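For reference, the structure discussed in these notes is given below.
Numbering (this note's numbering), first residue to last: 1 to 339.
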């Protein structure tokens with residue numbers, strides 16, 4: 001009910017705001033068209049700019065690239081001392097957004113099938129329970145309601161590992177699987193348990209050591225320093241994670257000053273500090289290479305360890321992979337039904 005009210009409020013506020021701008025602000029004749037059928041590649045406005053009014057930094061960029069970003073506008077050189085500035089629609093309209101939502105689900109099918117297939121192999125080979133035993137002492141303190149060595153422990157570890165590497169698409173299937181495992185322990189299916197709330201808050205805080213996707217997006221958008229987000233992202237997500245854990249722990253009456261919790265928190269703090277000190281010694285290209293190599297290398301290492309463990313346990317690898325991938329095909333359809 002609360003979510004329904006929030007969505008309704010968003011829609012009403014958006015429509016009232018758009019109506020006000022359409023009536024009282026000149027130059028918004030196409031506002032409703034942009035809201036319904038607009039695309040983020042549509043030009044909203046365009047104007048000529050004299051070279052004297054254009055900052056030298058923008059002119060320098062245009063010597064090496066065709067288009068430069070100037071505040072909220074894009075600029076290109078139309079002739080000698082003649083420049084054109086234009087502004088694109090900041091977001092897609094309703095119709096394009098619905099297409100994006102469907103394409104997002106379709107795009108997730110392959111990624112989720114891949115990771116859930118490997119997770120199925122890991123489960124059959126005992127890898128998930130092995131991870132549960134390693135992380136168990138720490139998780140048993142912040143997830144006291146989850147039984148020791150429960151598979152959900154391993155699923156949560158995989159989810160947090162993917163988040164640490166900034167691989168959001170990989171974290172999604174692990175997160176769904178972890179929540180499903182925790183739901184099996186839920187005596188009241190319509191209400192989230194303390195463990196589910198703790199996991200949700202820790203996942204949402206998004207502790208990230210290597211913000212791979214963010215750096216890739218900044219490179220694609222031609223940011224001047226695409227890797228400058230590295231250290232701020234680590235610090236911000238670390239503080240958010242610690243804050244989330246503390247707030248939820250106080251609410252759920254979990255004692256934080258236990259030796260196991262303190263050791264794990266101090267260990268993570270030491271790792272982040274070491275990474276920051278090392279990254280400060282690298283240039284922009286070195287940071288980008290380090291982030292992509294580390295994150296992708298860890299994914300490949302996880303696949304390799306799963307396969308080696310399955311071979312050691314004499315697991316039917318192909319059958320386990322197909323079983324996990326086929327079971328995962330229900331997830332995108334579930335997302336469609338939810339929407």
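In this text, a Cβ means the ideal position worked out from N, Cα and C, and glycines have one as well.
On a predicted model such as this, the values are computed, not experimentally measured, just so you know.
For residue 76, DSSP records a beta bridge to 67 and 84.
Here residue 325 is near residue 113, since their CB atoms are less than 7 Å apart.
In the displayed model, residue 146 falls within coil according to three-state DSSP, outside both helix and strand. Around the beta carbon of residue 90, fewer than 16 other beta carbons lie within 10 angstroms, which makes this residue exposed.
Under the rule that a run must span 4 or more residues, the alpha helix (DSSP H) segments found entirely inside the stretch 241–289 read 259–279.
Beta-bridge pairing by DSSP links residue 50 to 82. Taking one beta carbon from each stretch, the stretch 257–276 and the stretch 183–199 have fewer than 3 pairs nearer than 8 Å; the two do not touch. Using a Cβ distance threshold of 7 Å, residue 127 and residue 309 count as a contacting pair. Distance from the Cα of residue 275 is smallest, within the candidate group 245, 231 and 202, for 231. Residue pairing by DSSP places residue 293 in no beta bridge whatsoever.
The beta-carbon separation of residue 181 and residue 155, rounded to 5 Å, stays under the 8 Å limit for a contact.
Sequence-distant partners of residue 141 (beyond 5 residues in either direction) whose C-beta falls short of 6 Å from its own C-beta, in its chain, are 258, 260 and 261. When 125, 42 and 147 are compared, the shortest CA-CA separation from residue 314 is found for 125. By the neighbour-count definition (other C-beta atoms within 10 Å, threshold 16), residue 83 is a buried residue. Within the DSSP bridge table, the entry for residue 45 names 87 as partners. With at least 16 other beta carbons inside 10 angstroms of its own, residue 241 counts as buried. Here residue 32 is actually not in contact with residue 24; their C-beta atoms are around 15 Å apart, not less than 8 Å. Per DSSP, residue 163 is one residue of the alpha helix (DSSP H) stretching across 151–164.
Taking residue 19 as reference, the option from 7, 5 and 35 with the minimal CA-CA separation is 35. Boundaries of the alpha helix (DSSP H) harbouring residue 194: 194–205, taken from the DSSP string.
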